[in-house]
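Structure first, commentary second.
Encoded structure:
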């Protein structure tokens with residue numbers, strides 16, 4: 068049994084909020100730089116140059132890459148041998164968000180109720196997905212999600228007979244319909260299988276994988292590459308102004324599902340696709 | 005490649021609007037006003053009640069943005085565009101009242117495009133996500149209405165060399181459609 072103080076969790080979360088919003092991840096930066104070489108549109112090239120320059124400015128001047136610093140989404144893996152003291156784990160995480168979004172000069176973008184819509188003023192509550200795992204560590208992954216991209220995401224309950232082609236069709240349609248809105252070049256997270264909500268979580272988890280790392284399952288790896296190629300033929304391009312770099316990558320996660328079902332979720336992410344992690 | 009960038013000063017005159025075409029790159033100087041969902045809802049309510057808007061809209065440009073808080077010593081925090089489509093329900097009324105231009109990102113619906121053509125307005129795109137870069141083009145900031153809305157308050161911004169692209173011109177040409185068609189292979 069290992070004891071972890073909730074204040075350590077709060078502090079860790081605070082740092083993650085700030086780092087994830089200020090610093091672009093290496094895999095995305097590399098993908099943008101490669102995209103710049105491949106992009107066929109002159110306007111597209113200028114957009115990519117500006118995005119790369121923006122990341123540099125944000126890191127150097129210690130400010131958010133994007134003003135939509137997102138809803139704070141967490142994946143937390145709690146080792147079953149950990150004992151947390153000093154208060155509730157959920158409250159410790161929310162306090163970390165509260166402090167991080169204040170000290171990091173990040174935007175407060177959460178409303179208490181989806182219909183009444185009064186801003187909570189501190190970007191809480193966070194959306195937290197917990198997993199209990201073996202061991203005595205706590206792994207905290209933050210993936211702040213802006214809603215320009217989130218709003219373009221979608222989910223469909225396909226029939227098993229729709230098959231792989233049905234899945235491809237839905238993913239490509241979803242990206243095509245989104246067009247310029249999610250701030251291309253995008254990263255596409257796809258979840259196939261499970262139940263309605265499991266597919267959605269798979270799609271979001273898929274966005275945590277670096278864009279240059281392919282699935283270990285052969286047919287899924289092939290699917291990821293085919294989807295990326297097809298999406299980049301849509302012509303949407305950087306900022307949707309027309310071009311050949313519409314997506315930086317497609318990550319697909321799969322899970323067992325019901326004999327009567329084929330749920331597919333598409334979580335679209337922007338050219339920041341922010342995430343950071345820490346292990347306590 | 006020669007990249008011509010037209011310098012635009014606000015307030016925006018109709019004859020300038022009519023010279024601009026979808027795809028033109030511009031540098032905007034002068035005063036622009038910020039507003040997004042909540043502020044637009046309130047502005048339409050004011051109009052419906054026969055009251056004045058918080059600022060004279062004729063010839064002005066509205067920038068769809070909810071900025072981050074400013075760090076000490078800075079004018080404003082990161083301030084890139086939000087998705088314009090959410091303001092489509094409100095834009096035609098404002099355009100009819102004289103709103104000269106809008107800056108945002110993402111598609112507009114048919115009602116907005118029709119209003120842009122009918123009343124000679126224009127829609128500019130700023131690069132979504134280039135929020136730190138854009139913040140450096142904002143040289144002053146002042147809340148002029150709805151401070152209780154925090155990031156969604158109406159702000160009066162003075163901008164210098166604010167980079168934008170004409171997405172929908174006053175003739176209804178739409179760069180999102182033109183660009184996609186040019187590079188579509190599927």
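Chains as they are written, first to last, in this note's numbering: chain A, 68 to 347; chain B, 5 to 190. All residues carry an ideal CB built from backbone N, CA and C; glycine is no exception. Quick caveat: nothing in here was measured; it's all calculated off a predicted structure.
The segment 88–108 of chain B in contact with the segment 134–149 of chain A per 3-pair CB rule at 8 Å = Output reads no: the segment 134–149 of chain A does not touch the segment 88–108 of chain B.
ask   = Straight-line CA distance for residue 71/A to residue 276/A?
value = Distance between the alpha carbons of residue 71/A and residue 276/A is about 27 Å.
key: Contact residues within the segment 166–200 of chain A, judged by C-beta distance below 8 Å to chain B   = 172, 173, 174, 175, 176, 184, 186 and 188
query = What are the boundary residues of the alpha helix (DSSP H) that includes residue 97/A?
reply = 93–105
key: Selection from 136/B, 167/B and 144/B that minimises the alpha carbon distance to residue 90/A   = 136/B
task = Please say whether residue 215/A and residue 337/A have beta carbons closer to each other than 8 Å?
result = yes
Strand pairing of residue 184/A, partner residues [DSSP] = DSSP lists no partner for residue 184/A.
ask   = Taking 8 Å as the CB-CB cut-off, is residue 232/A touching chain B?
value = no
task = Tell me, please, which residues DSSP counts as bridged to residue 47/B.
result = Paired residues: none, contrary to the question.
query = Can you find a CB in chain B that lies within less than 8 Å of the CB of residue 325/A?
reply = no
ask   = At a Cβ cut of 8 Å, what residues of the segment 269–303 of chain A count as close to chain B, listed as they run along the chain?
value = 297, 300, 301, 302 and 303
key: residue 278/A - DSSP class collapsed to helix/strand/coil   = coil
Chain A contacts from the segment 11–35 of chain B (Cβ-Cβ distance under 7 Å) = none
ask   = Is the CB-CB distance between residue 30/B and residue 170/B below 8 Å?
value = yes
query = Name the DSSP beta bridge partners of residue 9/B, please?
reply = 29/B
message = Can you tell me whether residue 132/A is helix, strand or coil according to DSSP?
response = Secondary structure at residue 132/A: coil, using DSSP grouped into helix, strand and coil.
query = Is it buried or exposed for residue 49/B, if we count other Cβ within 10 angstroms and need 16 for buried?
reply = exposed
ask   = Can you tell which of 180/A, 292/A, 186/A and 272/A has its C-alpha closest to the C-alpha of residue 235/A?
value = 292/A
task = Could you pull out every residue in the same chain whose Cβ sits closer than 7 Å to the Cβ of residue 171/A, ignoring the five residues on either side in sequence?
result = 84, 85 and 88
Chain A residues whose Cβ lies nearer than 9 Å to that of residue 180/B = 246, 247, 303, 307, 308 and 309
query = Can you find a C-beta in chain B that's less than 8 Å from the C-beta of residue 133/A?
reply = yes
task = With DSSP as the reference, label residue 97/B as helix, strand or coil.
result = helix
message = Rounded to whole angstroms, what is the Cα-Cα separation between residue 180/A and residue 187/A?
response = 9 Å
query = residue 260/A and residue 324/A: beta carbons closer than 8 Å?
reply = Cβ atoms of residue 260/A and residue 324/A: closer than 8 Å.
task = Taking the CB atoms as reference points, tell me whether residue 148/A and residue 198/A lie closer together than 8 Å.
result = no
query = Among residues of its own chain, excluding the 5 on either side of residue 243/A, which ones have a beta-carbon nearer than 7 Å to its beta-carbon?
reply = 301
ask   = Among residues of its own chain, excluding the 5 on either side of residue 212/A, which ones have a beta-carbon nearer than 7 Å to its beta-carbon?
value = 137, 138 and 140
inquiry  = List, from N- to C-terminal side, the beta strand (DSSP E) runs of 3 residues or more that fit wholly inside the segment 294–337 of chain A.
reply    = 314–324 and 329–336
Contact residues within the segment 323–347 of chain A, judged by C-beta distance below 7 Å to chain B = 337, 338 and 339
task = Compare the C-beta of residue 98/A with all C-beta atoms of chain B and state if any pair is closer than 8 Å.
result = no
ask   = So, is the C-beta of residue 318/A closer than 8 Å to a C-beta in chain B?
value = Not an interface residue.
inquiry  = Taking contact to mean 3 or more Cβ pairs, one atom from each stretch, closer than 8 Å, check whether the segment 149–159 of chain B and the segment 36–49 of chain B are in contact.
reply    = yes
query = Over what stretch of residues does the beta strand (DSSP E) that includes residue 159/B continue unbroken?
reply = 158–172
request  = Using a Cβ cut-off of 8 Å (strictly closer), state whether residue 128/A contacts chain B.
outcome  = yes
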